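Asker: Note that our numbering has the sequence shown beginning at 5, numbered continuously upward.
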Amino acid sequence: MSGVQHHLPADLLLSFASGTGDVGGDLLVATHLTLCPRCRDEVAHLEALGGALLDEIDGEAIARDPHRAPVEHSRLTFDGPVKRRDANDEHVGEAAEIQDDGVLPRALLSLVGPVADITWTSGAFGQVHYLELPIEHAHAPLRLVRFKQGMRIPTHSHAAQEIVVYLTGAATDLDHGIKYQRGDVSTYGPGQSHQLAVEQGEDCITLIANMRLVGKTLMSRLVFRLLGWC
C-alpha cells in the first residue's frame, strides 16, 4: 500500500476546522494535513458546513431584528506556528500543500527550523533523539522524536492518549500488525499496550503528543524514566 492510511481522530479535525483547538492540537492537524489529501478535503468540508450554518443563523437573527449586524464569520488569525485560514476560503485544501524541507511541513519549520539544523537531545544509548517543543496539546507536551532505524521500542502502554504523526521512515506495531509511514497517524489510549519495530533504511522521525509510557519490564521502565517519558 502507498499513501496515508491512518488518520487523525475526527474530534481533532473538527476542533481545527471550527477554530476551537489548542496550540498543540492545531500543530498536529496542520502537520498531517500537509501530507494527507483526504483529511484536507474533510477539513474543507467541515469549514464549509460551519460557514453555511453561520449564514443560516445570521439570516434568522436578521429576520427577527433587521437592524442587527451580521456575525463575523472569519476565524481569527492564529499567532502561533499554525496559521488558521478563513472558514469561507474555498482554496483551504489546496493551500495546505505548503512548502517543506522534505521532512518537516512549514508549520513545524516555522517553529524549529530545518531538520538538518536541529540540536537533538540523545537518550536510550543513542537509539532515540528528541526535541522538546514549547507548546502543548491537552496539557501534555509535544516532542519531535527520532528513532534509530532497526531499533525496537519495548512493549508498553500509555498513561494518557498518545498521538503520533510519522514524518520519515516507518515502524510496525508488532501486536496489531499495523505499519505506519510518512503522513500516517497512530493514536493509542490509556492502557493500550503494544511494541514497535522501526524499519531498516531510514531513521523514523515523528511528532508526538503526550509520550507518557508505562513500561512492562524493569528495563523498559528504567529507560522510559531516564528519558522522562513516564
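Ideal Cβ placement from N, Cα and C applies to all residues, glycine included. Note that the coordinates shown come from a computational prediction; the quantities given were computed from them, not determined experimentally.
Cα separation between glutamine 9 and threonine 123?
Answerer: For glutamine 9 and threonine 123, the distance between alpha carbons rounds to 31 angstroms.
Asker: So arginine 156 packs on alanine 201, CB below 8 angstroms; how close in whole Å?
Answerer: Right, their Cβ atoms sit about 5 angstroms apart.
Asker: Have a look at Thr176, Thr24, Val149 and Val119 and flag the residue whose alpha-carbon is nearest the alpha-carbon of threonine 210.
Answerer: Comparing Cα positions, the closest option is Val149.
Asker: Using 10 angstroms around the beta-carbon of threonine 38, count the other beta-carbons present and answer buried if the total reaches 16, otherwise exposed.
Answerer: Buried, because 16 or more other Cβ atoms sit within 10 Å of the Cβ of threonine 38.
Asker: Kindly indicate the opening and closing residues of the beta strand (DSSP E) around serine 126.
Answerer: Looking at the DSSP string, the run of the beta strand (DSSP E) that includes serine 126 is 125-127.
Asker: Below 7 angstroms CB to CB, which residues in the same chain sit around alanine 174 once its five sequence neighbours on both sides are set aside?
Answerer: So the list reads Lys183, Tyr184, Gln185, Glu203 and Cys208, once near-sequence residues are dropped.
Asker: Only counting the same chain, and skipping five residues up and downstream in sequence, which positions put a Cβ closer than 6 angstroms to that of glycine 25?
Answerer: Excluding residues within five positions, the ones whose Cβ falls inside 6 angstroms are Ser19.
Asker: State the start and end residues of the unbroken beta strand (DSSP E) segment that holds arginine 150.
Answerer: Segment 144-151, the beta strand (DSSP E) holding arginine 150.
Asker: Quick check on glutamate 203: does DSSP put it in helix, strand or coil?
Answerer: Three-state result, glutamate 203: coil.
Asker: If we require 3 or more residues per run, which beta strand (DSSP E) segments fall completely within the region 152-191?
Answerer: Qualifying beta strand (DSSP E) stretches, in chain order: 156-162, 166-170, 174-177 and 182-185.
Asker: For histidine 143, count the other beta carbons within 10 Å of its own beta carbon; 16 or more makes it buried, fewer makes it exposed. Which is it?
Answerer: Exposed, because fewer than 16 other Cβ atoms sit within 10 Å of the Cβ of histidine 143.
Asker: Can you round the beta-carbon distance between valine 189 and isoleucine 167 to whole angstroms, since I take them to be within the 8 angstroms contact cut?
Answerer: Sure, about 7 angstroms apart at Cβ, within 8 angstroms.
Asker: How big is the Cα-Cα spacing for valine 47 and leucine 17?
Answerer: The straight-line gap from Cα to Cα measures roughly 6 angstroms.
Asker: Thinking C-alpha only, which one of Glu140, Gly187, Gln165 and His49 is nearest serine 197?
Answerer: Closest by alpha carbon: Gln165.
Asker: Below 8 angstroms on the Cβ atoms is my contact criterion, and I expect threonine 172 with glutamate 206 to pass it. Report the Cβ-Cβ distance as a whole number of Å.
Answerer: Confirmed, about 6 angstroms.
Asker: In the DSSP output, which residue or residues are listed as bridge partners for valine 218?
Answerer: Valine 218 pairs with Ser161.
Asker: Buried or exposed for alanine 120, please, with buried defined as at least 16 other CB atoms from any protein chain shown within 10 angstroms of its CB.
Answerer: Alanine 120 should be labelled exposed.
Asker: In angstroms, rounded to a whole number, what distance separates the CA positions of aspartate 4 and glutamine 199?
Answerer: Here the chain covers residues 5 to 234 and nothing more, so residue 4 does not appear.
Asker: Would you kindly work out how many angstroms separate the C-alpha atoms of glycine 219 and cysteine 43, rounded to a whole number?
Answerer: About 33 angstroms.
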